[in-house]
Every structure is written in C-alpha cells, then in structure tokens.
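> Going down the list, the sequences are from chains A and B. Residue 115 in my numbering sits at position 115 of the first sequence; the count goes up by one each step and never skips. Residue 143 in my numbering sits at position 25 of the second sequence; the count goes up by one each step and never skips. Don't be surprised by glycine CBs; every beta carbon is placed ideally from N, CA and C.
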Amino acid sequence: AQKITQTQPGMFVQEKEAVTLDCTYDTSDPSYGLFWYKQPSSGEMIFLIYQGSYDQQNATEGRYSLNFQKARKSANLVISASQLGDSAMYFCAMRVPPYTGTASKLTFGTGTRLQVTL
Amino acid sequence: GAVVSQHPSWVICKSGTSVKIECRSLDFQATTMFWYRQFPKQSLMLMATSNEGSKATYEQGVEKDKFLINHASLTLSTLTVTSAHPEDSSFYICSASNQEKQETQYFGPGTRLLVL
C-alpha cells in the first residue's frame, strides 16, 4: 500500500529565509509520481511541483524545488526566499496506480502548516 | 490554463435535504474528475473517481447512494449529497485531469457544506 508521511505539523520561517518541508513515502511500485500542493486559508489546492520517479534531476519551479532522494524515499519541498504569502498548509501527495489510460488517484500526507514571520 | 471551478462555494442546508455541487473544467476537457472530502485541520480524503460517460468508482467506506456522482460531459461533474445530515458537513473539493497531462490534478476552490 502507498503511504505519505509528513512529520512536521507546523513550521515557522522568517521572511526571506529558506525552509524545507519534509515528506517521506512508501510504495513498492517502481513507477510513481510525487506532488506538492499549497492550501491557503481560502481552501483552494494550488499545485506547486511534480517529481516523477524516473526523473534524473530534482524538479524546480521558481522558488520551489524538490529534494528527491529516491533511496531514502524522501521528497522534501524547499522554498527559497520565503514570503508572507507563503503562509499556508502544504501537502505532499503521491500518485497511485493504475496509471495507464485514466488519470491516477492521489494519496495525501497530513500536511504541514507553514507560518512566515517578519 | 487548467482552471477548475466549483459551485456553490459554500452552502447551508437543513438536515434531510439534498445538495448538489458542480465541478467544471473551464479551459480544458477533463476525462477524469476526482471528489475529495476534507474535515477541519485534516488531509484530503478521496471519495470517488469520476470518468466521463461512465459510473463513478467509489473508495472503500463511501456510500454511493449517499454521494451521487454524475460526469455527463468532459467539462462537468456533479456531486449530490442526498438526505444530508450534520455529519456530512465538510469541505468538498473536486479536481480534474486532462488527457495530455494525466499525472497532474488541478483542483477547484472547494465547497463548504454546513448541514443544520
């Protein structure tokens, strides 16, 4: 069975500093995808970044980068130069089979609440 | 691109009534839509997977007669909470995937349901 673990219920970071949000996963399938979503207080889920299990390089999207360590089964999100608007819940998710023909289901971690301070 | 809308954004209803929530993909065709439920301070739990033109696939423990899902077109899926009760109060979020990029789900803004 697939499982996503986020061990940090809450994190604080000062504005302009970098922060790492932890995510570990468990799956026996060699093909999988990992996602990070941001959920502000308004409730919408905002897609941030995606990493495929066969991708050779770590994914990056602007200030977001994914530190993918396959052997450790970790996919930590790094946010550089934090901004006040980054304060939100962050969810790590994994794509689970089946993959072919139809879109895949996602299983989510419990989330990390990030608070950016002045 | 890849915008998903939901309507209504919030709804309050009396116990025993039915509530319909719409999920629309505005600028792409969504062959698959997903419905999630989120309780306060908790994660998203998948309720069902909806494929256009076919019956929805429900997750274990989700009552299909309670939560009716219809995916009649490539841009619209609806979730109807039938005979709603206070325990159905929750945040319901839909997501959609398009054929070209099936690995990514784009989420709607969610619907807050309060059953009195």
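(1) Is it right to say Arg72 (chain A) is buried, meaning 16 or more other beta carbons lie within 10 angstroms of its own, or is it exposed?
(2) Determine the chain B residues that contact Lys105 (chain A) at a beta-carbon separation under 8 angstroms, and present them in chain order.
(3) Let me see if you follow: with CB-CB separation under 8 angstroms, is Tyr64 (chain A) close to chain B or not?
(4) List the DSSP bridge partners of His189 (chain B).
(5) Output needed in chain order: residues of the stretch 42 to 53 of chain A with a Cβ under 8 angstroms from some Cβ in chain B.
(6) Tell me the DSSP secondary structure of Leu48 (chain A) in three-state form.
(7) Taking 8 angstroms as the threshold (C-beta atoms), are Lys184 (chain B) and Thr167 (chain B) in contact?
(8) Is there a Cβ of chain A sitting closer than 8 angstroms to that of Gln223 (chain B), yes or no?
(9) Under 8 angstroms Cβ to Cβ from Gln39 (chain A), same chain only, skipping five residues before and after it: list those, please.
(10) Check whether the stretch 152 to 172 of chain B touches the stretch 187 to 201 of chain B, taking contact to mean three or more Cβ pairs, one atom from each stretch, closer than 8 angstroms.
(11) Can you find a C-beta in chain A that's less than 8 angstroms from the C-beta of Pro227 (chain B)?
(12) From the DSSP output, which residues share a beta bridge with Glu221 (chain B)?
(13) So the beta strand (DSSP E) Ser195 (chain B) belongs to, where does it begin and stop?
(14) Measure the C-alpha to C-alpha separation of Asp55 (chain A) and Ala202 (chain B) and round it to an integer number of angstroms.
Reading it off the structure:
(1) exposed
(2) Phe152, Leu164 and Thr167
(3) no
(4) Its beta-bridge partners do not exist; DSSP assigns none.
(5) Ser42, Gly43, Glu44, Met45, Ile46, Phe47, Tyr50 and Gly52
(6) strand
(7) no
(8) yes
(9) Met45, Ile46, Ala88, Met89, Tyr90, Phe91 and Gly111
(10) yes
(11) yes
(12) In DSSP, Glu221 (chain B) forms no bridge with anything.
(13) Leu194 to Val199
(14) 45 angstroms
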